[in-house]
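Asker:
In UniProt numbering, the protein residues as written are 1 to 222.
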């Protein structure tokens, strides 16, 4: 029997080029569908749609006893959507890169960033542009500039999403955000960075798109 997820949760899927099913589209609100239609590039439009589908079905997986109609995914631009439950609100963070879409959900402010490692980029120059002089110098001094840059960049992106970009810094070979707990993971050429307002282990959920389609069509997951 599959164990029940508990907050915080990081969920990630690899999207495909096939059309989004009507059942998955049916999970989105009119506002979300309208926003999706504004994207001219199919990939960007699908990233937007799948992120909302992922958040919706993750919320249902977290709270299997709450009816689907009682879980609201409320847009909050420029921030990520909020999950509104009958007895509270959850915060989310959305990140996507290419064909990967992910979200982080917690009871407090949280942020996530997903980056494909690309060592062909001019990372030293990027560091000078992205960070202040002190932080750039520290990152560039790391022996593995590739890993260091993407850890730093991911954490900085998290700080921006958490509305505290000035609280980001690099110290003792680690990216840090004042007032938040930063974690980084490099797996299969992808850098995943999460930032939480509290110290807690992050649960992982990696469903296939086919699973999400099945859950959407079922009316409510088991």
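All C-beta atoms, glycine included, are put in the ideal place defined by N, C-alpha and C.
Quick check: the region 208-215 against the region 115-126, are at least 3 beta-carbon pairs closer than 8 Å?
Answerer: No: the two stretches stay apart, fewer than three of their Cβ pairs being nearer than 8 Å.
Asker: Excluding the five sequence neighbours on either side, which residues of its own chain have a C-beta within less than 8 Å of the C-beta of residue 138, listed in chain order?
Answerer: Around residue 138: 170, 171.
Asker: Per DSSP, what are the beta-bridge partners of residue 191 in this structure?
Answerer: Looking at the DSSP assignment, residue 191 forms a beta bridge with 115, 186.
Asker: So for residue 168, helix, strand or coil by DSSP?
Answerer: The answer is strand: DSSP assigns residue 168 an E or B state.
Asker: CB-CB under 6 Å to residue 111, same chain, minus the five flanking residues each way: which ones, in chain order?
Answerer: Cβ neighbours of residue 111 beyond the five flanking positions: 93, 158, 161, 162, 195.
Asker: With a Cβ-Cβ cutoff of 8 Å, do residue 141 and residue 9 count as a contact?
Answerer: No, the pair does not count as a contact, with Cβ atoms beyond the cut-off.
Asker: What separation, rounded to the nearest whole angstrom, lies between the Cα atoms of residue 153 and residue 178?
Answerer: Residue 153 and residue 178: Cα-Cα distance of roughly 16 Å.
Asker: Can you check whether the CB of residue 114 is closer than 8 Å to the CB of residue 192?
Answerer: In this structure, residue 114 lies closer than 8 Å to residue 192 by Cβ.
Asker: Out of 130, 59, 35, point me to the one whose CA is closest to residue 6's CA.
Answerer: For the residues 130, 59, 35, the minimum Cα distance to residue 6 belongs to 59.
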